[in-house]
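Residue 145 is where the sequence shown starts when you use our numbering, and the numbers rise one by one after that.
We put the CB at the ideal spot given by N, CA and C, even for glycine.
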Amino acid sequence: MERIIGFVGLGVMGKSMARHLLKKYKKIYVYTRTKNKALDLLDEGAIWCDSVSDIASKSDIIFTIVGFPEDVEDIYFSASALIASSRPGQIFIDMTTTSPSQEKRIYDALKKKGASFLDCPVSGGDKGAREGILTAMAGGDEEVLAEAESYLSCFCQRINYCGKAGMGQTMKGANQILISGIMTAMEDAFNFARKSGLDLSLMLSALSAGAAGSWSLSNYGPRIINGDFEPGFMIKHFVKDLKIAEEEAEKLSLKLDTVALARKKYEALMQKGYADKGTQTICKEV
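What follows is the structure in structure tokens.
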């Protein structure tokens with residue numbers, strides 16, 4: 145049975161994801177805090193809702209991707225939000241990067257209402273969202289993921305089941321920990337190449353094909369060389385992710401030295417006014 149789709153959050157990645165769903169299913173209800181961000185989708189056939197409770201009343205499967213944990217808290221737990229408006233049989237899928245503990249609370253609250261929940265953050269940035277090739281990391285009940293998979297596959301080329309509720313966010317934390325090291329290493333590499341007089345395009349071509357190659361180098365390298373620091377993923381969101389990773393690590397009596405270094409560097413960029421720029425700004429020539 146085909147479900148009626150609702151989508152909350154039309155930012156850098158959310159809009160592209162919603163567009164992929166609209167292309168396949170032709171009907172999708174949308175809500176975002178700033179309606180102007182939805183106008184092009186509405187022109188393409190999406191249907192506007194005035195609130196998240198309106199989304200919940202009209203949809204069977206609801207996707208959410210917002211900015212910060214407090215935004216997740218608001219759209220799920222406030223008095224007229226998604227949990228309060230939920231009904232048995234609905235599926236909610238949160239793709240925001242937030243804490244595992246918050247997602248477990250949502251899972252438990254929706255289960256009491258007879259609804260299902262997946263924490264399902266994604267990786268792949270704006271490019272992955274536009275091209276429909278994101279990687280999803282899902283936590284929750286495996287049978288719910290099986291039912292949701294055809295919808296997720298509209299914008300994900302790989303969907304990983306990570307375990308019980310919260311494990312999707314734990315996997316995303318590991319992802320962000322790795323990226324923190326890659327981005328700080330890229331900063332050093334680009335600075336080293338510039339100061340040495342090495343051609344940056346040549347460096348990118350040579351290193352991307354070898355052992356130092358990575359998704360971040362291949363996708364952000366050309367942007368760095370072209371002076372394009374617009375967000376594929378905003379610095380302020382990455383700092384949020386790194387803080388969540390450190391908080392979770394502290395519960396495990398772990399210290400994440402690379403994450404601490406990356407967070408310090410990105411917080412310095414935020415203080416310089418780059419909060420809404422892309423994470424590749426760390427490699428900007430200064």
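When the options are compared against residue i, the one with the closest alpha-carbon
{"i": "E287", "options": "L322, I235 and F336", "result": "I235"}
{"i": "H381", "options": "F207, D420 and F373", "result": "D420"}
{"i": "L128", "options": "F373, F334, K409 and D215", "result": "Not covered by the structure: residue 128. The range shown for the chain is 145 to 430."}
{"i": "D184", "options": "I206, L166, D198 and S197", "result": "L166"}
{"i": "F299", "options": "I379, G158, Q415 and L361", "result": "G158"}
{"i": "G258", "options": "S230, I277, R274 and G284", "result": "S230"}
{"i": "L278", "options": "I250, G357 and M239", "result": "M239"}
{"i": "R163", "options": "A273, D204, R249 and K256", "result": "A273"}
{"i": "A197", "options": "D204, L186, S224 and N335", "result": "Checking the displayed sequence, the identity of residue 197 turns out to be Ser instead of Ala. Comparing Cα positions, the closest option is S224."}
{"i": "G307", "options": "L296, A280, D332 and A329", "result": "A280"}
{"i": "L405", "options": "G354, D332, L396 and K202", "result": "D332"}
{"i": "M145", "options": "S360, G233 and I227", "result": "G233"}
{"i": "Y295", "options": "K168, V210 and T241", "result": "K168"}
{"i": "S352", "options": "L262, M330, E291 and F336", "result": "M330"}
{"i": "V266", "options": "K181, I250, R302 and K248", "result": "R302"}
{"i": "G269", "options": "T241, R249 and I250", "result": "T241"}
{"i": "K428", "options": "Q320, G371 and F221", "result": "G371"}
{"i": "K170", "options": "R147, G365 and K256", "result": "R147"}
Cut-off 7 Å between Cβ atoms - residues of its own chain near residue i, not counting five sequence neighbours on either side
{"i": "G317", "result": "I388, A389 and E392"}
{"i": "K271", "result": "N363 and G376"}
{"i": "T425", "result": "F373, I379, L413 and Y418"}
{"i": "R199", "result": "Correcting the residue identity first, residue 199 is Ile in this sequence and not Arg. So the qualifying residues of the chain are G150, V152, Y173, Y175, C193 and I206."}
{"i": "K384", "result": "F212"}
{"i": "A135", "result": "Because the chain in this structure spans residues 145 to 430, residue 135 falls outside the shown range and cannot be described."}
{"i": "D285", "result": "S260"}
{"i": "L254", "result": "I227, S230, F236, S260 and F261"}
{"i": "I219", "result": "V152, V196, T208, V210, A225 and L226"}
{"i": "E438", "result": "Residue 438 is absent from the structure shown; the chain starts at 145 and stops at 430."}
{"i": "Y305", "result": "A282, E286 and L289"}
Residues of its chain near residue i, where Cβ-Cβ distance is below 6 Å and the 5 sequence neighbours each way are ignored
{"i": "K399", "result": "none"}
{"i": "P244", "result": "G310, Q313 and T314"}
{"i": "S358", "result": "I326"}
{"i": "K202", "result": "Y173"}
{"i": "A190", "result": "L166, I172 and V174"}
{"i": "S160", "result": "A273 and R274"}
{"i": "C264", "result": "I237, M239, A280, A282 and G312"}
{"i": "Q320", "result": "D385 and A389"}
Residues that DSSP places opposite residue i in a beta bridge
{"i": "L254", "result": "Per DSSP, none; premise fails for L254."}
{"i": "G150", "result": "Y173 and I206"}
{"i": "V266", "result": "A280"}
{"i": "M378", "result": "G422"}
{"i": "F261", "result": "F236"}
{"i": "W192", "result": "V174"}
Own chain partners of residue i with C-beta closer than 8 Å, once the 5 adjacent residues on each side are dropped
{"i": "I369", "result": "L344, S345 and L348"}
{"i": "E217", "result": "Q246"}
{"i": "E188", "result": "R163 and L166"}
3-residue-minimum beta strand (DSSP E) runs that sit fully inside the segment 218 to 246, ordered along the chain
235 to 238
Taking the runs of the beta strand (DSSP E) that are 3 residues or longer, which of them lie wholly in the segment 283 to 351?
300 to 307
Measuring CB atoms only, is the segment 399 to 409 touching the segment 324 to 335, in the sense that at least three cross pairs come out at less than 8 Å?
yes
Assess, as a yes-or-no matter, whether the segment 331 to 346 is touched by the segment 410 to 420 under the definition of 3 or more beta carbon pairs within less than 8 Å.
no
Stretch-stretch touch, CB-based, cutoff 8 Å, three pairs: the segment 171 to 186 with the segment 145 to 156:
yes
What are the complete alpha helix (DSSP H) segments, minimum 4 residues, inside the segment 388 to 418?
401 to 415
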